[in-house]
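Read left to right, the sequence shown gives residues 185 to 505 (my numbering).
Heads up, the beta-carbon is just placed ideally off N, CA and C, and yes, glycines get one too.
Have a look at the structure below, then the notes.
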Amino acid sequence: MMLKIGITIGDPAGVGPELVVKLLDHLNPKNAYIIYGERKIIERAMRFLGKEHTLREIYVIDEVKAPGTYIADLDISETDRPIPSLTSGKVAVAYLGRAVVDAVYGNIHGLLTMPINKFWAKMAGFSYEGQTEFLAQACNVKDYAMLMYSEKIKVVLLSTHVPLRDAIERIKAQNIKSKVEFVVREFKRLFGYEPSVGVLGLNPHAGEMGQMGSEDMEEILPAVEELKAKGIKVDGPLSPDSAFLKTDAFDVFLCMYHDQGLIPFKLLAFREGVNLTLGIPFVRTSPDHGTAYDIAWKGIADISSSLHALRLCEELATKRA
């Protein structure tokens, strides 16, 4: 069957347009791909990279009836190469919203989103912590998570893009139990197996039996013990400074806050890392990096993470189709 895969442009002042153009060389000729982005920006990126691709413009997704590469252009940018600005934020938010409408209504099988900048997105009216939270709201789901996926290591975060002070306040036994049970259900649904889960501690050496903070003994350990009693394959709290020395010890790690999980993940799997959203009714993936303004429009952005994100999106969408 022909898959319909959406690809958003992300923040056009970042590496999104370049990565979208580079991906066009790697598309499956049996599928249809819809780029949600400004034609003038994508075409400028093509000229810059010396690429030529035919993009068939559509207004509604029903026009996609055959394999090929399509573009849904809202024509909202004043320029074909925005700088980081309100304009770049508007473009990122508008095309994310346009793509998510098609995904929510089941008109596309999967969605690959390029990175957005949260500051400029919020200036443009985006009121969410990140794209993951927006997707969850659009799908009207309360249970969701950001899974950082690679063959080497898989990481789920208890909290995502929030200040560290707020992240610590969210470390409650009930939150941990709910997140682990949710992750186990999603792994069964998406990958067909029950994972073993390593739950990290919060404080140095997982609190040293309460000598360096109370969260590990009062919140994390009771949650882990209750999950074990239910027959779930889980262990913790693991000492954060050594948990990732043996990445094959667990199928997935639950980390207490953003940097606790993302720093080791990016060190170990940056080029093949994928951000996969758990809990929503369609497949959504994204590369594991940001807008990278410092290297944007220089022709040097590495396609590896985006290509892995595309392949995982296609693989999971095929299973669900």
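Excluding five sequence neighbours on each side, which residues of the same chain lie with their C-beta closer than 6 Å to the C-beta of residue i?
i      : result
Phe371 : Pro379
Pro388 : Met396
Glu353 : none
Val367 : Val340
Asp195 : Ser272, Ala276, Ile300, Asn301 and Thr475
Lys235 : Val205
Gly445 : Val339, Leu341 and Cys439
Tyr312 : Phe318
Ala322 : Val284 and Val288
Please go through the same chain and pick out, in chain order, the residues whose beta-carbon is closer than 8 Å to the beta-carbon of residue i, but skip the five residues on each side of it.
i      : result
Ile337 : Phe428, Thr431, Phe437, Pro448, Phe449, Leu452 and Ala453
Val458 : Met332, Tyr333, Ser334, Thr469, Ser470, Pro471, Asp472, Ser489, His492, Ala493 and Leu496
Val277 : Ile300, Ala305, Ala308, Gly309 and Phe310
Arg240 : Gly252, Thr253, Tyr254 and Ile255
Glu247 : Tyr254
With burial defined as no fewer than 16 other Cβ atoms inside 10 Å of the residue's Cβ, what is the status of residue i: buried or exposed?
i      : result
Lys188 : buried
His492 : buried
Ile484 : exposed
Ala501 : buried
Ala351 : buried
Asp443 : exposed
Asn219 : In the sequence as displayed, the identity of residue 219 is Ile instead of Asn. With 16 or more other Cβ atoms within 10 Å, it is buried.
Ala256 : buried
Glu139 : Given a span of 185 to 505 for the chain in the structure shown, any question on residue 139 remains unanswerable.
Ala505 : exposed
Glu403 : buried
His210 : exposed
Thr316 : buried
Gly190 : buried
Tyr289 : exposed
Ala216 : buried
Tyr441 : buried
Thr192 : buried
Could you tell me whether the Cβ atoms of residue i and residue j are closer together than 8 Å?
i      : j      : result
Ala308 : Leu270 : yes
Asp259 : Glu227 : no
Gly463 : Val325 : yes
Met185 : Val205 : no
Ile225 : Arg282 : no
Leu203 : Thr253 : no
Thr461 : Leu319 : yes
Asp286 : Ile245 : yes
Ala357 : Val340 : no
Pro347 : Gly385 : no
Val275 : Ser261 : yes
Lys214 : Pro268 : no
His293 : Val467 : yes
Given residue i, which residues of its chain have a CB within under 7 Å of its CB, disregarding the five upstream and five downstream residues?
i      : result
Gly314 : Lys302, Thr344 and His345
Phe434 : Ser380, Val381 and Gly382
Arg455 : Asp486, Ser488 and Ser489
Asp327 : Phe366 and Gly463
Three or more C-beta pairs below 8 Å linking the stretch 421 to 436 and the stretch 293 to 304 | no
Is the stretch 357 to 369 touching the stretch 399 to 418 in the sense that three or more CB pairs, one from each, lie closer than 8 Å?
-> With contact defined as three or more Cβ pairs closer than 8 Å, the stretch 399 to 418 and the stretch 357 to 369 are in contact.
Quick one: complete alpha helix (DSSP H) runs, 4+ long, within the stretch 345 to 371?
-> 348 to 353
Are three or more beta carbon pairs between the stretch 199 to 208 and the stretch 468 to 481 nearer than 8 Å?
-> yes
Could you pull out every unbroken alpha helix (DSSP H) segment of at least 4 residues lying fully inside the stretch 364 to 432, listed in chain order?
-> 405 to 413
Quick one: complete beta strand (DSSP E) runs, 3+ long, within the stretch 225 to 312?
-> 240 to 242, 252 to 256 and 294 to 296
What are the uninterrupted segments assigned as beta strand (DSSP E) that are 3 or more residues long and contained completely in the stretch 451 to 477, given in chain order?
-> 458 to 462 and 467 to 471
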